[in-house]
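For reference, the structure is listed below as structure tokens.
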Amino acid sequence: MKSVSSIAAVLLPLALMACGQRPSEPQRIEPGLVAPGGAAEPAAKDQPGPVAFTLVEGPAQLATGGACNFDLIAGVSRDNETIEVTRDLAKLYTGWAAVAVEGGVLASDIRLVLAGAKTYELVTRADRRKDVADYFKVPALENAGFAATASAQGVDPGEYTLKVVLRGSGGQFECGVTKKVVVR
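Numbering (mature numbering (1 follows the signal peptide of the UniProt record, and there is no 0)), first residue to last: -20 to -1, 1 to 164.
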């Protein structure tokens, strides 16, 4: 009986592994999209408390440039068609942005902008993104991540377009990736 249980102990894990999914072909990612497998674990939990979107003059017409993508918007996946933001709750926003992927040119600061009837923005903090650096094979992009635990408490309810605005030595511009957000 001991030999049967020994054989079962070896064969059962092998059978379970055989039922698992095989890795798919590598996915090609266009500039402005996140690497397959999602983001690295954000370190935003180390951020010293939530920040808030604040009203700014706007909307300014900015040139489009750079590369970026969101991972989490108000704590939910960027893949949701519409993101609902509850004004009185601080939620996590994460992603990555670069002035230029080739050469690993990073922004001096990255802001999230809610553009609608009024315009609001917040300054994000830097976050490590080894997955982005590995995907593009550009080590400097490890520092391309952004994160913020943010509240929309001062934002008027309504529909907004969430944008990533990059500031660098060449001026200020917005990344072409945007997301529809409804603030309630």
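Don't be surprised by glycine CBs; every beta carbon is placed ideally from N, CA and C. Keep in mind that this is a model prediction, so the values were computed, not measured.
Applying the 10 Å Cβ sphere with the 16-neighbour rule, what's the burial state of residue i?
i	result
Val162	exposed
Arg164	exposed
Thr104	buried
According to DSSP, is residue i helix, strand or coil?
i	result
Ala120	helix
Val112	helix
residue 165	No information on residue 165 is available, as it lies outside the stretch -20 to 164 that the chain covers here.
Glu101	strand
Val81	coil
Per DSSP, which residues does residue i bridge with? Please list them.
i	result
Phe126	Gly75 and Ala106
Gln52	According to the sequence provided, residue 52 is Leu. The question's Gln does not apply to it. DSSP output for Leu52 lists Ser57 and Thr74 as bridge partner(s).
Gln152	Arg147
Val161	Ile63 and Tyr140
Ala132	Answer is none; Ala132 lacks a bridge partner.
Leu35	Tyr100
Is the beta carbon of residue j closer than 9 Å to that of residue i?
i	j	result
Pro30	Ala70	yes
Leu92	Glu82	no
Gly38	Glu154	no
Ala97	Asp51	no
Gly125	Gly75	yes
Val78	Leu142	According to the sequence as given, residue 78 is Ala; it is not Val. Not a contact, by the Cβ cut-off of 9 Å.
Ala43	Ala80	no
Gly134	Thr34	yes
Could you check whether the Cβ of residue i sits closer than 8 Å to any heavy atom belonging to the ligand FAD?
i	result
Ala70	This structure simply doesn't include the ligand FAD, nor any ligand for that matter.
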